[in-house]
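With full-length UniProt numbering, the residue at position 55 of the sequence shown is 55, and numbering never jumps. Note that beta-carbon positions come from the ideal geometry of N, C-alpha and C, so glycine has one too.
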Amino acid sequence: MAKIYTKSGDKGKTGLVGGQRVSKHNIRLEAYGTVDELNSFVGLLESQSMDKRMKEFLGKLQYKLFDIGAYLATEKEDLEKYNIVACEEDDVTEIEALIDELNEELPKLKHFIMPGGHQTVAFCHIARTVCRRAERRITHLATEEDIDTVVVKYINRLSDLFFIMARKLAQDLQISEHKWEGF
Numbered sequence: 001m002a003k004i005y006t007k008s009g010d011k012g013k014t015g016l017v018g019g020q021r022v023s024k025h026n027i028r029l030e031a032y033g034t035v036d037e038l039n040s041f042v043g044l045l046e047s048q049s050m051d052k053r054m055k056e057f058l059g060k061l062q063y064k065l066f067d068i069g070a071y072l073a074t075e076k077e078d079l080e081k082y083n084i085v086a087c088e089e090d091d092v093t094e095i096e097a098l099i100d101e102l103n104e105e106l107p108k109l110k111h112f113i114m115p116g117g118h119q120t121v122a123f124c125h126i127a128r129t130v131c132r133r134a135e136r137r138i139t140h141l142a143t144e145e146d147i148d149t150v151v152v153k154y155i156n157r158l159s160d161l162f163f164i165m166a167r168k169l170a171q172d173l174q175i176s177e178h179k180w181e182g183f
């Protein structure tokens, strides 16, 4: 790219992988744009001090989120043409294994946890909530387009992982969890 700006989006349209032009408020853009936003927060989170397992996972996750974004930015008929695969069941299993591993090191959860207590923990909770929004956008897109159910499952598990990571980071940083005991 000679220039970063192309001016092709100046009228509120953008191109998908494959060249189709759609409105910038199209639900497909909302879905992959939110995944991109999540990826930015993952980069912020990964830049923090943390245990090697989590840091390595987050580094790999950024590539996986790019894969998911590319998948969501591509209409079904072009996926094979561009050899785009978002994620597979093994990717979901990897998240579940890390959740189980980290959760074994934590005290049993007896209350809702308020986000915060430390900047790194708060970044993790931000990633969790943006991930939940990405899930909502993807499931909305799935009402209109054929979306691989593994993508939805992956994003769902990922938000669970961010919650467990936030708890583990709080424990590692010796920060008391802020408990909500509302009802």
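Here Thr34 is buried, its C-beta having at least 16 other C-beta atoms within 10 Å. If you keep only unbroken alpha helix (DSSP H) runs of at least 4 residues inside the stretch 88-115, you get 89-104. Counting C-beta pairs with one atom in each stretch, the stretch 168-179 and the stretch 81-90 have fewer than three that are closer than 8 Å, which means they do not touch.
Distance from the Cα of Met54 is smallest, within the candidate group Ala134, Glu94, Thr74 and Asn26, for Glu94. Linking Leu173 to Phe112 through their CA atoms gives a straight-line distance of about 19 Å. In the three-state scheme derived from DSSP, where H, G and I count as helix and E and B as strand, His178 is classed as strand.
A residue is called buried when at least 16 other Cβ atoms come within 10 angstroms of its Cβ; Thr149 does not meet this threshold and is exposed. Using a Cβ distance threshold of 9 Å, Leu65 and Asn39 count as a contacting pair. A straight line joining the alpha-carbon of Lys24 with that of Gly12 spans about 6 Å. Ranked by Cα distance from Phe123, the options Tyr5, Lys168, Val42 and Leu58 are led by Val42. The beta carbon of Leu72 sits closer than 6 Å to those of Ala31 and Tyr32, all from its chain and outside the five residues before and after it, given in chain order.
For Ser40, the uninterrupted alpha helix (DSSP H) run begins and ends at Ile27 to Glu46, by DSSP. Counting of Cβ neighbours within 10 angstroms places Asp100 among the exposed residues, the total staying below 16. Counting along the chain, no alpha helix (DSSP H) covers Gln20, and no H or E run does either.
Note on geometry: alpha-carbon atoms of Ala97 and Arg136 lie some 24 Å from one another. With a 10 Å radius around the Cβ and a threshold of 16 neighbouring Cβ atoms, Glu46 comes out buried.
Annotated three-state conformation of Thr74 is strand, per DSSP. For the 9 Å CB-CB criterion, Leu102 and Lys52 do not form a contact.
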